[in-house]
Amino acid sequence: LYEEGITSYLFIEGSYNTRLENLAEMPEKSLVCHFDQTDMKRVKEVLSDKYIIAGNVPASLMSVGSTDDLRAYCDNLVELFSDTPAYILAHGCYFENTTDDKMRAFMDSVKK
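Note that the numbering used here has the sequence shown beginning at 95, numbered continuously upward.
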């Protein structure tokens, strides 16, 4: 696919901490890696110079976490990847049973 100019979008559900180096073997700029429960500091160290990275706001935080905790989590991800132009703040698994305030806090983190 890569040789045909196609970028693959991988939704990597669950933890992928022990397999990040395997992903790093793929051709540069061939993947969008959307993470669910993976250590984003390791993702940045191993993959951020090769691929577009997305994720990893937990669904549990969106549904039962406080708005302040969600805001802090999102702000930390944005700060972590602030020098990485190919990062997309995104959900980990999905957003379900959340509130308008939490969605606003999520979106406001990106706007800063």
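Just so it is clear, CB atoms sit at the ideal spot from N, CA and C, and this is done for glycine as well.
Distance between residue j and residue i (C-alpha atoms, nearest Å)
| i | j | result |
| --- | --- | --- |
| Val172 | Tyr96 | 29 Å |
| Ala148 | Pro121 | 18 Å |
| Asp163 | Ser154 | 11 Å |
| Leu179 | Phe105 | As written in the sequence, residue 179 is Pro, which differs from the Leu given in the question. Answer to the nearest angstrom: the Cα atoms are 19 Å apart. |
Residue i (DSSP reduced to helix, strand or coil)
| i | result |
| --- | --- |
| Leu95 | coil |
| Cys187 | coil |
| Ala118 | coil |
Proximity winner among the options, relative to residue i (alpha-carbon distances)
| i | options | result |
| --- | --- | --- |
| Ser109 | Phe129, Thr192 and His185 | Phe129 |
| Val158 | Ser203, Gly99 and Asn191 | Asn191 |
| Lys205 | Asp194, Tyr145, Gly99 and Asp169 | Asp169 |
| Phe175 | Ser142, Tyr103, Cys127 and Ser124 | Ser142 |
Other residues of its chain near residue i: CB distance less than 6 Å, five sequence neighbours each side excluded
| i | result |
| --- | --- |
| Asn150 | Phe129, Met134 and Gly186 |
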